[in-house]
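Trainee: Going by the working numbering, 163 is the number at position 157 of the sequence shown; the sequence numbering is gapless. Beta carbons are placed, not taken as given, at the ideal position from N, Cα and C, and that holds for glycine. Quantities reported herein were computed from a predicted structural model and do not represent experimental measurements.
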Amino acid sequence: MNYKLNALTLLIFSTGLAQVNFTNPDETAVVSYQTKEIDLSKVKTEGSPYFEEEFKRGKIYMNGQEKIVGNLRYNASNSEIELQRGNSEYTSVLKRKNISVSIGNKLYKLLPYKDDDNESVRTGYFIAMNNGRATLLFKPEKKLRRGRTPSTSYDRLVPPRYIDVSAYYIQIDEEPATKIYLRKNEFYKILGKDKVQDFVKTNNLKLNHVDDAIKLMDYYNENIISKL
7 MNYKLNALTL LIFSTGLAQV NFTNPDETAV VSYQTKEIDL SKVKTEGSPY
57 FEEEFKRGKI YMNGQEKIVG NLRYNASNSE IELQRGNSEY TSVLKRKNIS
107 VSIGNKLYKL LPYKDDDNES VRTGYFIAMN NGRATLLFKP EKKLRRGRTP
157 STSYDRLVPP RYIDVSAYYI QIDEEPATKI YLRKNEFYKI LGKDKVQDFV
207 KTNNLKLNHV DDAIKLMDYY NENIISKL
């Protein structure tokens, strides 16, 4: 008897759901798990592709010779140098190995580097942190992270946004630059632990600090690589 009653109750409940009138405001709670589609292309992107949005006075060099003086800025998402033309127009500087650009006190050079898989070789803009055959490079970069639409009314909309993915690299002579994290073991791996460990210990260098990393690179250029 109880079994028949439960089955009858379930049948009535199921039938009631099937007869919900979606135009009735009082019954909308029954289907609150449904959401309307959202077009992410109309959602404002958070952040900026630039570290500095304002154009700054700078210079464009070709083969080391100054060619153009103008208002410039670096697009960290597209890895492009933009030259202002008028109040609302700009053009991109050609990506050529023999063309470099200074913006403020930063010099951007187009250099080859190994991708994260250490197999593919690409080119991108870098800022050298020191001089010499072995160079610590900074690659300012942003990527656009895709947004996410809510799948239920309990989820929230995540708009697209630009995130900072800047990284450091080391380049030796003309070889493609290799990504490096500012850690002691990373420098030891590339420069040779037996060649630089004593200098690091004697000077109590903290290689997660850029200034100390530059001191190590200067030492390596002056005392190690010059003798190779």
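(1) Between the C-alpha atoms of Glu58 and Asp217, what's the straight-line distance to the nearest angstrom?
(2) Is it buried or exposed for Val75, if we count other Cβ within 10 angstroms and need 16 for buried?
(3) Relative to the C-alpha of Gln177, which candidate in Tyr168, Pro165, Leu197 and Pro166 has its C-alpha closest?
(4) If you count every other CB in all the chains shown that lies within 10 Å of the CB of Val99, and 16 or more means buried, which is it?
(5) As a quick exercise: from Thr97, Ser94 and Ala140, pick the residue whose alpha carbon is nearest that of Asp224.
(6) Provide the residue span of the alpha helix (DSSP H) that contains Met223, from first to last.
(7) Is it a yes or a no for the segment 88-108 touching the segment 66-75, going by three-plus beta-carbon pairs under 8 Å?
(8) Thinking Val164 and Glu147 are a contact (beta carbons under 8 Å), I'd like their distance in whole angstroms, please.
(9) Taking Tyr175 and Lys145 to be in contact with their CB atoms under 8 Å, please state how far apart those CB atoms are, rounded to whole angstroms.
(10) Along the beta strand (DSSP E) that carries Glu59, what are the first and last residues, could you check?
(11) Taking the DSSP output, what are the residues bridged to Met68?
(12) Just the C-alpha distance for Ile230 and Asp121, rounded to the nearest angstrom, thanks.
(13) Express the C-alpha separation of Leu143 and Lys50 in angstroms, rounding to a whole number.
(14) With three or more beta-carbon pairs closer than 8 Å as the criterion, would you say the segment 79-88 touches the segment 186-197?
(15) Buried or exposed: where does Val206 fall if 16 or more other Cβ atoms within 10 Å of its Cβ makes it buried?
(16) Given this structure, state the Cα-to-Cα distance separating Ser126 from Gly64, to the nearest angstrom.
(17) Using only the alpha-carbon positions, how far apart do Leu150 and Lys185 sit?
Mentor: Taking the geometry as given:
(1) 23 Å
(2) Classification of Val75: exposed, given that the 10 Å Cβ count is below 16.
(3) For Gln177, the nearest C-alpha among the options comes from Leu197.
(4) buried
(5) Ala140
(6) Val216 to Tyr225
(7) yes
(8) Actually they do not touch by this definition, with Cβ atoms about 21 Å apart.
(9) 6 Å
(10) Run containing Glu59: none; DSSP gives neither H nor E here.
(11) Gln71 and Ile105
(12) 27 Å
(13) 33 Å
(14) no
(15) Buried, since its Cβ has 16 or more Cβ neighbours within 10 Å.
(16) The alpha-carbon atoms of Ser126 and Gly64 are separated by roughly 32 Å.
(17) CA-CA distance, Leu150 to Lys185, rounds to 21 Å.
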